[in-house]
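Numbered per our numbering, the sequence shown spans residues 718 to 919.
Even glycine gets a Cβ: it sits at the ideal position worked out from N, Cα and C.
All of these numbers come straight from a predicted model, not from anything done at the bench.
Each remark here refers to the structure printed beneath this line.
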Amino acid sequence: MKIGEAQQLYREQVKAYQEQKSLLSKQMQDIKSRLNSASSEHDKQLFSEEAAVLELSLGELNDKQKEYQDYLSQLTEQYAAYFNAAAGEQQADAYKEYGEEMGKIMEVARRIMKGASVPPQDEKKLMDFDYELYTAAKSVGEMVRRMKKEKEREEYDSLWGDEEKKEYEDPAEIAENAEAQGEGPEIVSVEDALAGVSVPEE
718 MKIGEAQQLY
728 REQVKAYQEQ
738 KSLLSKQMQD
748 IKSRLNSASS
758 EHDKQLFSEE
768 AAVLELSLGE
778 LNDKQKEYQD
788 YLSQLTEQYA
798 AYFNAAAGEQ
808 QADAYKEYGE
818 EMGKIMEVAR
828 RIMKGASVPP
838 QDEKKLMDFD
848 YELYTAAKSV
858 GEMVRRMKKE
868 KEREEYDSLW
878 GDEEKKEYED
888 PAEIAENAEA
898 QGEGPEIVSV
908 EDALAGVSVP
918 EE
């Protein structure tokens with residue numbers, strides 16, 4: 718089962734259990750109120766038994782809900798691990814690409830400074846990155862070019878060529894669609910959980 722699906726399934730279980738516990742708590746308050754105002758021993762006995770069943774039912778629901786909550790916590794940790802791994806990989810790629818980009822920009826500046834001819838798109842990349850560096854490189858390049866003979870001038874191809882932008886998957890999507898590790902607790906409906914509750918005979 719995928720992490721996202723498992724999270725949704727167990728959240729629904731926790732919600733159903735919470736709603737049932739809320740109903741039983743209200744019933745418990747009502748029964749306790751009746752018990753306190755009961756006049757006959759017979760009524761007190763009935764209300765006491767009913768209160769005991771409600772108490773056991775609430776305990777059963779609490780235990781099962783805690784089991785689901787614990788598993789949801791595990792799923793959250795798994796989700797975070799997958800999310801962080803995907804985001805970290807994307808961040809590492811971005812830093813690497815940035816470093817490569819800076820290397821190319823500095824190489825374009827160096828080539829211009831030695832009086833070489835570089836493609837217009839490379840000049841534009843340098844200009845967009847740092848206009849002052851671009852103008853300084855052009856000035857130095859012009860001085861070097863005047864000192865050289867025209868036929869000694871080097872020509873370079875673009876350092877960028879045909880670039881394709883790398884597409885990344887959304888880390889949240891990766892985390893939600895990863896397989897959940899370990900087996901989750903058995904899904905038991907609220908009704909089934911309450912069906913086995915009874916007051917032990919004295």
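- Excluding five sequence positions before and after Phe-800, the CB atoms of its chain that fall closer than 8 angstroms to its own CB belong to Pro-888, Ala-889, Ile-891, Ala-892, given in chain order.
- Shortest Cα-Cα distance from Arg-828 to any of Glu-806, Leu-876, Glu-818 involves Leu-876.
- For the 7 angstroms CB-CB criterion, Val-914 and Glu-777 form a contact.
- In the three-state reduction of the DSSP assignment, Glu-777 falls in the helix class.
- Contact annotation, Tyr-727 with Tyr-788: C-beta distance approximately 6 angstroms; criterion of less than 8 angstroms satisfied.
- Only buried fits Lys-842, as 16 or more other CB atoms lie within 10 angstroms of its CB.
- Pairing Met-745 with Leu-771 gives a Cβ-Cβ distance under 7 angstroms.
- Counting C-beta pairs closer than 8 angstroms gives fewer than three between the segment 812-824 and the segment 899-907, which falls short of the contact rule.
- Here Lys-781 is buried. Its C-beta has 16 or more other C-beta atoms within 10 Å.
- Rounded to the nearest whole angstrom, the C-alpha separation of Ala-802 and Lys-719 is 17 angstroms.
- Per DSSP, the continuous alpha helix (DSSP H) segment holding Asp-747 begins and ends at 720-754.
- Rounded to whole angstroms, Ile-822 and Ala-798 show a C-alpha spacing of 36 angstroms.
- Distance check between Ala-895 and each of Thr-793, Glu-859, Asp-747 places Thr-793 closest, using alpha-carbon atoms only.
- With 16 or more other Cβ atoms from the protein chains shown falling within 10 Å of its own Cβ, Glu-840 counts as buried.
- Using a 10 angstroms sphere on the CB of Gln-724, the tally of other CB atoms reaches 16 or more, which defines it as buried.
- When the alpha-carbon of Leu-850 is set against those of Glu-872, Gly-878, Met-819, the nearest one is in Met-819.
- If you draw a straight line from the Cα of Ser-756 to the Cα of Ser-765, it comes to about 13 angstroms.
- Spanning the alpha carbons of Glu-767 and Asn-779 requires a straight line of approximately 18 angstroms.
- Sequence-distant Cβ neighbours of Ala-912 in its own chain, meaning closer than 6 angstroms and more than five residues away, do not exist here.
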